[in-house]
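For what it's worth, the working numbering labels the leading residue of the sequence shown as 1143, then goes sequentially. We put the CB at the ideal spot given by N, CA and C, even for glycine.
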Amino acid sequence: MDEEGQSIELTSGLYELLLVFVEHPNRILSRDQLMDTLHGREANSYDRSIDIQLSRLRTKLDDKSAKLIKTIRNKDYMLVADIDTAL
């Protein structure tokens, strides 16, 4: 949900990407790890699909300033959030 309590609709791909981050909060995840987890394959140096999905997810989450999902060293990412696992 957004700040106003409205549901945010995600495609299945964006949902799966967000789920990976929620399952690993405050941990650095490389592009290769994300590709392997989501697509079951290693990323090559020209594969930018994760970057595109992240851009779309940030737009949906209104995270344009990358406060929620941080880019680390230009190719790694981290969800910076406290996750309540009781939900």
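For residue i and residue j, I'd like the C-alpha separation in whole angstroms.
i	j	result
residue 1193	residue 1147	27 Å
residue 1155	residue 1169	20 Å
residue 1215	residue 1171	11 Å
residue 1223	residue 1165	11 Å
residue 1202	residue 1157	11 Å
Taking the Cβ atom as the reference point for each residue, do residue i and residue j lie within a distance shorter than 7 Å?
i	j	result
residue 1190	residue 1217	no
residue 1199	residue 1159	yes
Pull up the DSSP beta-bridge partners for residue i, would you.
i	result
residue 1212	1220
residue 1172	1218
In chain order, what residues of the same chain lie with their CB nearer than 6 Å to the CB of residue i, ignoring the 5 residues before and after it?
i	result
residue 1196	none
residue 1221	1163, 1167 and 1211
Counting C-beta neighbours from all protein chains within 10 Å, is the total for residue i 16 or more, i.e. buried, or is it exposed?
i	result
residue 1219	buried
residue 1150	exposed
For residue i, which residues from the same chain have a beta carbon less than 7 Å from its beta carbon, with the 5 sequence-adjacent residues on both sides left out?
i	result
residue 1213	1219
residue 1179	1162
How about residue i: is its Cβ closer than 6 Å to a heavy atom in the ligand GDP?
i	result
residue 1162	As presented, the structure is devoid of all ligands, the ligand GDP included, so that no description of it is given.
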